[in-house]
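Read top to bottom, the protein sequences are chains A and B. Per numbering that gives the first Met the number 0, residue 0 is the first one in the first sequence, and the count goes up by one each step. Per numbering that gives the first Met the number 0, residue 0 is the first one in the second sequence, and the count goes up by one each step. For glycine and all other residues, C-beta sits at the position ideal for the given N, C-alpha and C.
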Amino acid sequence: MTVVEKILARAAGQASVKVGDVVEPQVDLAMSHENAALVINQFLEVFQGTGRPAKVWDPARIAIIFDHRVPAESPKTATNQKKIRGFVAEHGITKFHDIRGDVGGICHQILPEYGYVRPGFVVLGTDSHTTSHGALGAFSFGVGATEMASAWSLGIAVNIEVPATIKVVVKGEFPAMVGPKDLILHLIGKLTAQGANYKVLEFHGETIRKMSTSGRIAICNMSVEAGATSGIVPGDEETVRYLREEAGVVDAITCVTPDPDAQYIQTVEIDVSALAPQIACPHMVDHVKPIDQVLGTKIQQIVIGSCTNGRLDDLADAAAILRGKKVAEGTRMLVFPASSKIFAQALDKGYIHDFMRAGAVVMNSGCGPCLGVHEGALGDHEVALSTTNRNFKGRMGNPTGEVYLCSPVVAAASAITGVITDPRKGA
Amino acid sequence: MAKVIITLGNDISTDDIYPGRFMATVLPTETPQFAFFDRTEFNAKLKAKAFPPGSIIVGGENFGCGSSREQACSTLKGHEVAVVAKSISRIFLQNSINLGLQVVICPGLEASEGDELEITTDRVLNKTTGKAFEQVQLPAARKGIMDAGGLIPYTRARLLATNA
């Protein structure tokens, strides 16, 4: 069995499962953000007329993290958040991260950071980038609010079809200024935006083994941009190291690895040793080109951050390029650390000062401009270069705007020049 | 038989169908106003309601890609339209079934605005051109949910079947 088949078999209480089987796994963690407001509506509707009190199956297995609109940008959002706080208190939900400068952050960063996700877990999240948690060897996937309401009620994911798995084998050493973000953009370009639809991407190879959990989160995060149900890195020494050293997990951690005779629907091999920085061009994430083809494109807004590339190593790489330099006139740069903890670490290490002295605006942790709700909307026909994960038309709040996606080092080098710039050639 | 009121290309994202900036609106009674908000002509057409229930939006490959936001389904369901697309992204398909938005997967479909389509259980007939196209059946795993009329009544029934 593949990793996901093994996880689903365990969670469904079966000896084995195969592709296409319908299973009902126990949910280990059910995550939502502000869209919990809708989940609550649907949840209450499930119980309507049943004569039973509306009670979540296990308050300890529900995580709610405010990140999409923090602090609230409108009375409507603030009222939704208020309603969720009330529900959290009423139901005793403990994994709740409110808008705070100490324990706040983006859901896909908070879950790993606080050790809420473990290898072998089944994780549901009302956010498509829930695929991120595959970085820790969990089967994690995005669902809608009604599906989450069902999970809150029953504690299982109903009628899950065991997905087929694509094996992605990555070898070679990354050249300087090339990293996990370039790998995942390259892979999405190769597979196309629906190439992995309904399937799981299981990552293997020496490059993945050597990759930090931060890099693994970036590649699993964007697996959904190829349509994948989930991306997953089988748990290994790095997974255990991260959970012990960075997330402070003390109890037993059991990694799940695929059987030697696991069946894959397809195998994709990638050698990163000659990979160039990659750019996803407007308006599709699979519209990927090597940087040479878009050099010199004028940029009005640079964004570094988000659940994809707002971690400490991302900020360190970008700060190193910006140190002592200035963001170009006519270009504005926004930095969004992925969590309060990362923000504090970046402050301690001086990265935040590097950004500020360069002229960047450092914002609180949150989803900010990535989804075009508030903080960093584009003006008409403006162009953004961003380390986030989506560049659909209108993504940064303006349908006439254009969004290019890249790695933190490309974003930093381009901030200095105001045009898309190859960080390998110096800014 | 129903008329095609809108035709769309490939990779129509949930941002296209329901822009992120309206996500604080959650009530299904309020979401329909924002359907295809940035595609102003489509938004106006839907709001004008000058079409009978069951009228069809035709999509290409990978319809509904992107976010898990359920508003992308409730906004279309609120207009009582059906979606026929060449392929549909996983979360959007699941959300549609859960909410009872009629979706049909029809890989070879050729249809233009104004065409009359007849949807049967296994194919889509374009009455205007006379061509018929095979459907891909929706996931059998979800049949119970469809039969129950959506995931809420399905879950309610499952809940009542368990010991209190």
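Determine, using beta carbons only, whether Cys105(B) comes closer than 8 Å to chain A.
Cβ-Cβ to chain A under 8 Å: no for Cys105(B).
Using Cβ-Cβ distances below 8 Å, what residues of the stretch 122 to 134 of chain B are close to chain C?
The displayed structure is made up of protein chains A and B, and chain C is not among them.
Three-state secondary structure assigned by DSSP to Ala426(A)
In this prediction, Ala426(A) scores a pLDDT of 47, lower than 50, which makes its location untrustworthy; the coordinate-derived value is nonetheless stated afterwards. Ala426(A) carries a coil assignment under DSSP once its states are collapsed to helix, strand and coil.
Beta-bridge pairing of Cys64(B) - partner residues as DSSP gives them:
Beta-bridge analysis with DSSP links Cys64(B) to Ser12(B).
Look up Tyr350(A) in the DSSP assignment and say whether it is helix, strand or coil.
In the displayed model, Tyr350(A) falls within a helix according to three-state DSSP.
Skipping 5 residues on each side, what residues in its chain have a beta carbon closer than 6 Å to that of Ser66(B)?
Thr13, listed in sequence order.
Apply the 10 Å Cβ neighbour rule to Ala43(B) and answer buried if 16 or more other Cβ atoms are within range, or exposed otherwise.
So Ala43(B) ends up on the exposed side.
Ala137(A) versus Gly329(A) - alpha carbon distance
About 43 Å.
Label Leu43(A) either buried or exposed according to how many other C-beta atoms from any shown protein chain fall within 10 Å of its C-beta, with 16 as the threshold for buried.
Classification of Leu43(A): exposed, given that the 10 Å Cβ count is below 16.
Can the beta-carbon of Gly371(A) be found less than 8 Å from the beta-carbon of Leu333(A)?
If you check the CB distance, Gly371(A) and Leu333(A) do not come in under 8 Å.
Taking buried to mean at least 16 other C-beta atoms within 10 Å of its own C-beta, is Ser131(A) buried or exposed?
By the neighbour-count criterion, in which a residue is buried when 16 or more other Cβ atoms sit within 10 angstroms of its Cβ, Ser131(A) is buried.
Which same chain residues, not among the five before or five after Phe50(B), have their C-beta less than 6 Å away from its C-beta?
Cβ contact annotation for Phe50(B) (same chain, cutoff 6 Å, sequence separation greater than five): Ile4, in chain order.
So, is Asp313(A) buried or exposed, given that buried needs 16 or more other C-beta atoms within 10 angstroms?
So Asp313(A) ends up on the buried side.
Taking Pro233(A) as the reference, which of Ala225(A), Leu200(A), Val248(A) has the closest Cα?
Among Ala225(A), Leu200(A), Val248(A), the Cα nearest to that of Pro233(A) belongs to Leu200(A).
Pairwise C-alpha distance: Lys81(A) and Ala426(A):
The predicted position of Ala426(A) is uncertain, since its pLDDT is 47 and thus under 50; a value taken from the coordinates is nonetheless stated next. Rounded to whole angstroms, Ala426(A) to Lys81(A) spans 46 Å at the Cα level.
If you drop the 5 nearest sequence neighbours on each side, which residues of the same chain put their C-beta closer than 6 Å to that of Phe62(B)?
In its chain, beyond the 5 residues on either side, Ile11, Ala84, Ile87 have a beta carbon closer than 6 Å to the beta carbon of Phe62(B).
Which of the three DSSP states is assigned to His96(A) in this structure?
Correct three-state label for His96(A): strand.
Return the residue from the list Thr24(B), Asp37(B), Thr30(B), Gln32(B) that minimises the CA-CA distance to Glu33(A).
Of the listed residues, the one whose Cα sits closest to Glu33(A) is Thr24(B).
Can you name the residues of chain B whose CB is closer than 7 Å to the CB of Leu37(A)?
Under a criterion of Cβ atoms nearer than 7 Å, the residues of chain B adjacent to Leu37(A) are, in order, Val25, Glu69.
Looking at C-beta atoms only, is the number of pairs between the stretch 16 to 34 of chain B and the stretch 350 to 364 of chain A that lie closer than 8 Å three or more?
No, the stretch 16 to 34 of chain B does not touch the stretch 350 to 364 of chain A.
For chain A, is any of its Cβ atoms less than 8 Å away from the one on Leu108(B)?
With respect to chain A, the C-beta atom of Leu108(B) has no partner C-beta closer than 8 Å.
Quick check: the Cα distance between Gly309(A) and Gly396(A), rounded to an integer number of angstroms?
Gly309(A) and Gly396(A) have their C-alpha atoms spaced approximately 20 Å apart.
Going by the CB atoms, is the gap between Thr307(A) and Thr212(A) shorter than 8 Å?
Against a cut-off of 8 Å, the Cβ pair of Thr307(A) and Thr212(A) comes out as no contact.
May I ask you to list the residues that DSSP assigns as paired with Pro289(A)?
Per DSSP, Gln277(A).
Give me the subset of the stretch 73 to 101 of chain B whose CB atoms are less than 8 Å from a CB atom of chain A, sorted by chain position.
Taking 8 Å as the Cβ-Cβ cut-off, the stretch 73 to 101 of chain B approaches chain A at Ser86, Ser88, Arg89, Ile90, Gln93, Asn94, Asn97, Leu98, given in chain order.
Proximal chain B residues relative to Leu370(A), where beta-carbon distance stays under 7 Å:
Taking the beta carbon of Leu370(A) as reference, the chain B residues within 7 Å of it are Gly19, listed in sequence order.
Same chain, Cβ closer than 7 Å to Arg68(B), neighbours up to 5 away in sequence not counted
Listed in chain order, the non-local C-beta contacts of Arg68(B) below 7 Å within the same chain comprise Thr13, Tyr17, Met22, local neighbours out to five positions each way being set aside.
DSSP three-state label for Ile56(B), please.
Ile56(B) carries a strand assignment under DSSP once its states are collapsed to helix, strand and coil.
8 Å Cβ cut-off: residues of chain B touching Lys392(A)
What Lys392(A) touches in chain B: Ser12, Asp14, Asp15, Asp37.
For Val45(A), which option in His78(B), Arg155(B), Leu159(B) has the closest C-alpha, if you only look at C-alpha atoms?
The shortest Cα separation from Val45(A) among His78(B), Arg155(B), Leu159(B) belongs to Arg155(B).
Report all residues from its chain with a CB closer than 6 Å to the CB of Phe202(A); omit the five preceding and five following residues, and keep chain order.
Here the set comprises Val167, Val232.
Output needed in chain order: residues of the stretch 99 to 127 of chain A with a Cβ under 7 Å from some Cβ in chain B.
Residues of the stretch 99 to 127 of chain A with a Cβ closer than 7 Å to any Cβ of chain B, in chain order: Thr125, Asp126, Ser127.
Let me confirm a value: Arg240(A) is counted as buried when at least 16 other C-beta atoms fall within 10 Å, else exposed. Which label applies?
With fewer than 16 neighbouring CB atoms inside 10 Å of its own CB, Arg240(A) falls in the exposed class.
Min CB distance Glu29(B) to chain A below 8 Å:
Judged by the 8 Å Cβ criterion, Glu29(B) is not in contact with chain A.
At which residues does the beta strand (DSSP E) containing Arg122(B) begin and terminate?
Note, Arg122(B): beta strand (DSSP E), 122 to 125.
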